[in-house]
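Undergrad: A single structure is presented below for examination.
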């Protein structure tokens, strides 16, 4: 390991050297002549590649709608979650785009997504902070098809809340039709008289729900051919008034 002393330090590969940054300083190391991978390291590398591509897809699906600054480590944090989750995308519920502040700083009773696509925000007393005149709440619902890596659709709903009054229960219908998982981000920004706060302690954007792919509400009914019902035939004799015989 060697420290870079040049005026223009670099990161990345440059010939047989690799430049990298650590704790604000730049260093150099030489590339290994050969790399031998075991079966386990190949599987780990494959999982990391899948997770990093999926993480980039999720981030870029929400970046156009977010109004806050993400922290510098959010990429690696999301990748680690996805590596552990595998195909269970519900595991990213609770992920914070800004790790310094969560939605629970403002809403002590968490919003929840119901099965009918309704986001329920329970009635509660909103935490107030000095100088803050309002809270801007933005709900971002994006339906993502992880198999084809397509954003099927998105919907955003914005509310302005007075922190000096008790918040009344609110239900928001999130209508994003199509196949794929519905990922819901709940964003909160503290507002001053002259605009939104730039303090990272007063802005949050959390993934609060990941709902599995939609299924048809009504399955088509199967039809079967009608079966002819055999009726008993009555035969009367002198010995027995009624004898039932099936044909």
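Numbering (this note's numbering), first residue to last: 209 to 455.
The beta-carbon is built from N, C-alpha and C at its ideal position, and this holds for glycine as well.
Bear in mind that the values here come from a model prediction, so they are computed numbers and not experimental data.
Short check: CB of residue 343 to CB of residue 369, under 7 angstroms?
TA: yes
Undergrad: Check whether the region 352-364 touches the region 381-388, taking contact to mean three or more Cβ pairs, one atom from each stretch, closer than 8 angstroms.
TA: yes
Undergrad: Going by the DSSP bridge assignment, what does residue 382 pair with across the sheet?
TA: According to DSSP, residue 382 bridges with nothing at all.
Undergrad: From the DSSP output, in three-state form, read off residue 248 for me.
TA: helix
Undergrad: Taking Cβ to Cβ, would you say residue 269 is nearer than 7 angstroms to residue 350?
TA: yes
Undergrad: So, using beta-carbon positions, are residue 399 and residue 341 closer together than 7 angstroms?
TA: yes
Undergrad: Three Cβ pairs or more, each shorter than 8 angstroms: is that satisfied between the region 224-238 and the region 262-282?
TA: Contact between the region 224-238 and the region 262-282 is absent, because fewer than three Cβ pairs lie under 8 angstroms.
Undergrad: Nearest to residue 376 by alpha carbon, out of 402, 222, 406, 331?
TA: 331
Undergrad: If you measure between the beta carbons of residue 415 and residue 291, is that distance less than 7 angstroms?
TA: no
Undergrad: Over what stretch of residues does the alpha helix (DSSP H) that includes residue 185 continue unbroken?
TA: The first residue shown for the chain is 209 and the last is 455, placing residue 185 beyond what the model contains.
Undergrad: Taking the straight line between their C-alpha atoms, what separation do you get for residue 288 and residue 276?
TA: 22 angstroms
Undergrad: Just tell me which of 395, 267, 211, 209 has its CA closest to the CA of residue 346.
TA: 395
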